[in-house]
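S.K.: This is the structure, below, for whatever I ask next.
Residue numbers (my numbering), protein chains in the order written: chain A, 1 to 113; chain B, 1001 to 1113.
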C-alpha cells in the first residue's frame, strides 16, 4: 500500500498527558498537511510543510501543539498537556507539489479522558 | 478567510435515483474545488475535483459543476448504489501560499435499497 499512513489509529489518554502522532506521506510528496476533524464537522487546517520547512500554522494550533518533519519525509504532531477539547480525529494529507491533489491518511482518533 | 457552506446536511435517496449536494464559497480567489467521500472511521477519499478554468467535469456516475459568477459548485451522483452511502465533503482552496483546503460541514448521504 503506497498511500498516506498514520500511527497510531486510536489513542486514549488522560488529561494532562502528552501524545505524539506520526504521519508517513506518499513517497516523493513534498507537501504535508495536518488537519483536525471534530464530530460532525469537516476537517480544519492546522499546519503544513514544504519538505522539512513548516510554512504556516493555523490559529487553532495553540502553543501546546508542535509539529516536525525532520528530513522532509515523515512528520510528527505532538500535543502537550492534553485537554478534553483536544479530542478529535487528526488527519494527515500529502501532495506532490503546487496545485496538486491532497491525499488523506486514515487519521488518528484521540480521546482525552 | 475562505468560508464554505454545504447543503443539505443529510440526504436520503432511493437506490437508482440521483443525488445532488451543493456548496457555496466566499472568496473569489479560490480556484480549486475537490469533493471527498468519508466512510465511518476512515480518512477522506477524493472522488472528483474541478478547477476554475472549467465549468463541468464528469467521471462515470459522478459529475461536478462550477458557477464562478455565483460562487457555487455542486456534486451530482446518478444511478445511486448502496455503496454510495457515506459523508461527502466539498472544499475550496486558493492558488497561492499553502493551498490549504477549507471544507464544508458535510452531507450524510443514505441510499435506501
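C-beta atoms are modelled at their ideal positions from N, C-alpha and C, and glycine is treated no differently.
For residue 1034 of chain B, which residues in chain A fall below 9 Å Cβ to Cβ?
M.R.: Under the 9 Å cutoff, chain A gives 101 and 102.
S.K.: Does DSSP put residue 1084 of chain B in a helix, a strand or coil?
M.R.: Helix, per DSSP.
S.K.: Return the CA-CA distance between residue 1198 of chain B and residue 40 of chain A, expressed in angstroms with no decimal places.
M.R.: Given a span of 1001 to 1113 for chain B in the structure shown, any question on residue 1198 of chain B remains unanswerable.
S.K.: Would you mind working out which of B:1069, B:1073 and B:1047 sits nearest residue 1028 of chain B, comparing C-alpha positions?
M.R.: B:1069
S.K.: Determine the direct distance from the alpha carbon of residue 17 of chain A to that of residue 1065 of chain B, and round the result to whole angstroms.
M.R.: Inter-residue distance for residue 1065 of chain B and residue 17 of chain A is about 46 Å (C-alpha atoms, whole angstroms).
S.K.: Determine which residues share a DSSP beta bridge with residue 81 of chain A and list them.
M.R.: None, per the DSSP bridge assignment.
S.K.: Quick one: what's got a C-beta closer than 8 Å to residue 9 of chain A's C-beta in the same chain, skipping five residues either side?
M.R.: 106, 107, 108 and 109
S.K.: Could you give the C-beta distance for residue 1036 of chain B and residue 1044 of chain B, rounded to a whole number, given that I count them as a contact under 8 Å?
M.R.: Rounded, the Cβ-Cβ distance is 4 Å, consistent with contact.
S.K.: Can you check the stretch 31-103 of chain A for any beta strand (DSSP E) of at least 3 residues that lies completely inside it and give the ranges in chain order?
M.R.: 31-37, 44-50, 53-57, 65-68, 75-79 and 88-95
S.K.: Just tell me which of B:1107, B:1080, B:1052 and B:1110 has its CA closest to the CA of residue 1093 of chain B.
M.R.: B:1052
S.K.: Indicate whether residue 1057 of chain B and residue 1047 of chain B have their beta-carbon atoms separated by less than 8 Å.
M.R.: no
S.K.: How many angstroms separate the CA atom of residue 14 of chain A from the CA atom of residue 113 of chain A?
M.R.: Taking the straight line joining both Cα atoms gives about 5 Å.
S.K.: Going by CA-CA distance only, name the one from B:1109, B:1113 and B:1091 that's closest to residue 1030 of chain B.
M.R.: Relative to residue 1030 of chain B, the option among B:1109, B:1113 and B:1091 whose CA is nearest is B:1091.
S.K.: To the nearest angstrom, how far is the alpha carbon of residue 59 of chain A from that of residue 79 of chain A?
M.R.: Approximately 15 Å between the Cα atoms of the pair.
S.K.: Just to confirm before moving on: does the CB-CB distance between residue 48 of chain A and residue 92 of chain A stay below 8 Å?
M.R.: no
S.K.: Are residue 44 of chain A and residue 31 of chain A touching if we call contact CB-CB under 8 Å?
M.R.: In this structure, residue 44 of chain A keeps its C-beta atom at 8 Å or more from the C-beta atom of residue 31 of chain A.
S.K.: Please say whether residue 1040 of chain B and residue 1109 of chain B have beta carbons closer to each other than 8 Å?
M.R.: no
S.K.: So which of A:103, A:95, A:55 and A:38 has the shortest CA-CA distance to residue 111 of chain A?
M.R.: A:38
S.K.: Along the stretch 1019-1031 of chain B, where does the CB come closer than 8 Å to a CB of chain A? Name the residues.
M.R.: Within the stretch 1019-1031 of chain B, no residue has its Cβ closer than 8 Å to any Cβ of chain A.
S.K.: Out of curiosity, what's the CA-to-CA distance linking residue 126 of chain A and residue 1105 of chain B?
M.R.: Lying before the first or after the last residue shown, residue 126 of chain A is absent from chain A, which here runs from 1 to 113.
S.K.: Can you give the Cα-Cα distance for residue 1006 of chain B and residue 75 of chain A, rounded to whole angstroms?
M.R.: 31 Å
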